[in-house]
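Read in order, the letters of the sequence shown correspond to residues -19 to -1, 1 to 74 in mature numbering (1 follows the signal peptide of the UniProt record, and there is no 0).
Ideal Cβ positions, reconstructed from N, Cα and C, are used throughout, including at glycine.
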Amino acid sequence: MKKAILLAGLLALAPVAHAEVVTDTETTEPEISISHDGDATYYEYSVNGEIREIKVVPKVGKPYYLVPADGSDEFIRAGESQLLIPKWVIFRW
């Protein structure tokens, strides 16, 4: 009896296992376009035609990311504090 119930359950799920998954026309993976400038290389990450971030790799220095600012078409550096604190050592014992 248990085998018959188990077999009936498996047969009921068989069409679900073979059903096609309908995907959205929008892609979820980012498109990456690479452009070279004289001093840096730019990696533009875009999803559905909208630029999400730009990775800037200069020839000299550390790479950094630019992300869209809220409510505008301008880009700002990601992870950078807006508070500027002087870090000079004037006198040390």
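Glu31: member of the beta strand (DSSP E) spanning 31 to 39, first to last residue. For Pro44, the closest of Asp54, Trp69, Ala59 by C-alpha to C-alpha distance is Ala59.
Here Ala21 is bridged, per DSSP, to Pro39.
In this structure Ile35 is buried. Its beta-carbon is surrounded by 16 or more other beta-carbon atoms within 10 angstroms. The residue from Ile15, Ala21, Arg33 with its alpha-carbon nearest to that of Asp51 is Arg33.
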